[in-house]
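Chemist: Mapping of the sequence shown onto mature numbering (1 follows the signal peptide of the UniProt record, and there is no 0): residues -18 to -1, 1 to 122, in sequence order.
Every residue, glycine too, gets a C-beta built ideally from N, C-alpha and C.
The model shown is predicted, which means the values in this text are computed figures rather than measured ones.
Supplied in structure tokens, the structure appears directly below.
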Amino acid sequence: MSGRLIAQIVVSLGTVVGRAFVAAYKQAAANAAQGGGPAARAGAKASAVDALTRKTNMTLEEACQILNVTREADLQQITKNYDHLFNVNDSSKGGSFYLQSKVVRAKERIELERAEEAKKAQKEQTTNSSNEQQTPPPSS
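This is the structure:
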């Protein structure tokens, strides 16, 4: 009798979990078909940031936390923290290869973000200089 009861419970739980999985899959497929949700429609800056996050599988905030720096930290501080954490987590010294790879990915993420910002600043600068050349000087 108890074996039959346990079997019924297992089958019931399996059915519930299966239905939940199917519903979650359908919702994920619907979100993907709509363009990834509101974040994908937020604008060019958000899409560039999202692209970097997808590329590195890490947000800028997470990278800053791993390296123990702020977003505005200079390159010297980032490099100092990176070198320290990389050496401390060296697997030949008893460290963790996983943590060492997270440190490397964090530095890469910050560098990619800075390169993206520099590219945008340069693009804005060339746009502004071309606009200044097209505007005629004011006549007196």
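#1: Could you have a look at Thr35 and say whether DSSP puts it in helix, strand or coil?
#2: Jot down the residue ranges of each uninterrupted alpha helix (DSSP H) in the segment 26 to 97, minimum 4 residues, whole runs only, in chain order.
#3: Is the beta carbon of Asn69 closer than 7 Å to that of Gln82?
#4: Look at Ile92 and Ala33 and say whether their C-beta atoms are less than 7 Å apart.
#5: Looking at C-alpha atoms only, which residue of Thr35, Ala97 and Lys89 is the closest neighbour of Thr52?
#6: Check the C-beta distance from Leu94 over to Thr38 and give it rounded, since I have them as a contact under 8 Å.
#7: How would you call Val(-3), buried or exposed, if buried means at least 16 neighbouring beta carbons within 10 angstroms?
Modeler: On the basis of the data shown:
#1: Along the sequence shown, one-based indexing puts residue 35 at 53. Correct three-state label for Thr35: helix.
#2: 26 to 38, 42 to 49 and 57 to 70
#3: For the purposes of this step, residue 82 is identified with residue 100 of the sequence shown, where counting begins at 1. For the purposes of this step, residue 69 is identified with residue 87 of the sequence shown, where counting begins at 1. Result no, Cβ atoms of Gln82 and Asn69 do not sit closer than 7 Å.
#4: In the sequence shown, the residue the question calls residue 92 occupies position 110. In the sequence shown, the residue the question calls residue 33 occupies position 51. No, these two residues do not count as a Cβ contact at 7 Å.
#5: Counting from 1 along the sequence shown, the entry for residue 52 is found at position 70. Checked all of Thr35, Ala97 and Lys89; the closest Cα to Thr52 is Lys89.
#6: By one-based count along the sequence shown, residue 94 stands at place 112. By one-based count along the sequence shown, residue 38 stands at place 56. At roughly 7 Å, the Cβ-Cβ gap stays under 8 Å, so Leu94 and Thr38 are in contact.
#7: For the purposes of this step, residue -3 is taken as residue 16 along the sequence shown, with counting starting at 1. Val(-3) should be labelled exposed.
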